[in-house]
Amino acid sequence: MKKTFKILMVLLVTSLATVKTYAQISIGVSVRIAPPALPVYTQPPCPVDGYLWTPGYWAYAEDGGYYWVPGVWIAPPRVGFLWTPGYWGYDGAIYVFHQGYWGRHIGFYGGVNYGYGYGGAGYVGGRWAGNSFQYNTAVVNVNNTVVHNTYINKTVINNNVTVNNNHTSFNGPGGVNATPRPDERAAEREQHVQPTNDQINHQQVAGKDRNQFASANNGRPATAAMNKVDGNRFNTEGRRARTPNSDGTNNNTDRGNRPQANNNADNHANANPDNANKNASPGDQAARAPHQHQAANNPNPDNNRQPTQNQQHNNMARAPRQLVRHPAPARPHNNPRPQEHEKHR
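So in the working numbering, the last one in the sequence shown is 345, and the numbering has no gaps at all.
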């Protein structure tokens, strides 16, 4: 009798743990106010071969409302796993957040068009080939000095199932009207892995920065994307963003290294390929990536960086000029000696 009771208790605990795990994966916060529209932003180039793109999304905090979690390149928890983004769905009188997860196939993410391969259903930004991940550079932006497993498939750009012209960030009435497809329902029944510790930490950091809250940025977050967790921050235009101080104020990381008037981000990305290979990250400026919902990329990496000689010339051009001081003029006399700057006349 005691043995039977112990077995029943073990089964009960196991079932409760399973329900809790599923709840953490599928259902999250519920709010009565719809999330803001998705901001349009430039994707930073993939800094490390094998990282996968996780699109940005609106999270919610009780003491501040909606805040933007930047899109970021992440190391997957397992080889062969893909990321199904989370999404907000309208459920009667509330908006419920369905947490994203890792799995062998892409599940349903509300039909929300997050861009860069996530057009509302499935993922066309890349694929696994054995133990290596191949990137579709017609859709995603990569650092070609460190990422070499690429291909180009432009046909997927015109095959998005969902058209999200107003950048709606939720599923349901007033948002995107989409229902799970059979393959997406099958993916939901597969083995899932919860967001990694890096992803959880990434969201927590965003929630501590008041510049990321919609109440402060009017839907235009200070940091729209990052090249990796705790890496470089980029604003919606793909430029280095301001980083928050401990008191909530901002530092401009580009101070003292601002681009010249006629230099765009392409001229600053990966200017020194040696440093790019050592650090496995983009240069001082992100290479100009395709529009979030247009998904295009330059397959020729040589157009995105300058030769080393030109880079050295630019560095010399930006070096501060030394102030040349002329000696003070002597008192006038009958035969004044010429000044230093007159000897070359």
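In this text, a Cβ means the ideal position worked out from N, Cα and C, and glycines have one as well.
Taking 9 Å as the cut-off, the beta carbon of V146 is found no closer than this to the beta carbon of D63.
Taking the Cα of W83 as reference, the smallest distance to any Cα among I152, Q194, G174 is reached at Q194.
N211 is a Cβ neighbour of A222, given a cutoff of 9 Å. Residues A37 of the same chain have their beta carbon placed closer than 7 Å to that of N166, with the five preceding and five following residues left out of the count. In this structure, the CA atom of G119 is about 10 Å from the CA atom of G125. The stretch 33-101 contains, as complete beta strand (DSSP E) runs of 3+ residues, the segments 52-54, 57-61, 65-69, 71-74, 82-84, 87-91, 94-98 (chain order). When the beta-carbon positions are compared, V176 and G238 stay at least 9 Å from each other.
The three-state secondary structure of Q191, taken from DSSP, is coil. Around the beta carbon of I152, fewer than 16 other beta carbons lie within 10 angstroms, which makes this residue exposed. DSSP, reduced to helix, strand and coil, places V147 outside both helices and strands of the structure shown, so it counts as coil. Bounds of any beta strand (DSSP E) do not take in S215; it lies within the alpha helix (DSSP H) bounded by 214-217. For the pair F108 and P180, the CB atoms are nearer than the 9 Å cut-off.
Around the Cβ of K208, a 10 Å sphere holds fewer than 16 other Cβ atoms; the residue is exposed.
A straight-line Cα-Cα distance of about 15 Å links D91 and Q99.
Here S169 is buried: its Cβ has 16 or more other Cβ atoms, across all protein chains shown, within 10 Å. Judged by their CB atoms, H192 and W102 are nearer to each other than the 9 Å cut-off. Within the same chain, Cβ atoms closer than 6 Å to the Cβ of W128 are found at G80, the five residues on either side in sequence being excluded. N131 and R78 have their C-alpha atoms some 10 Å from each other.
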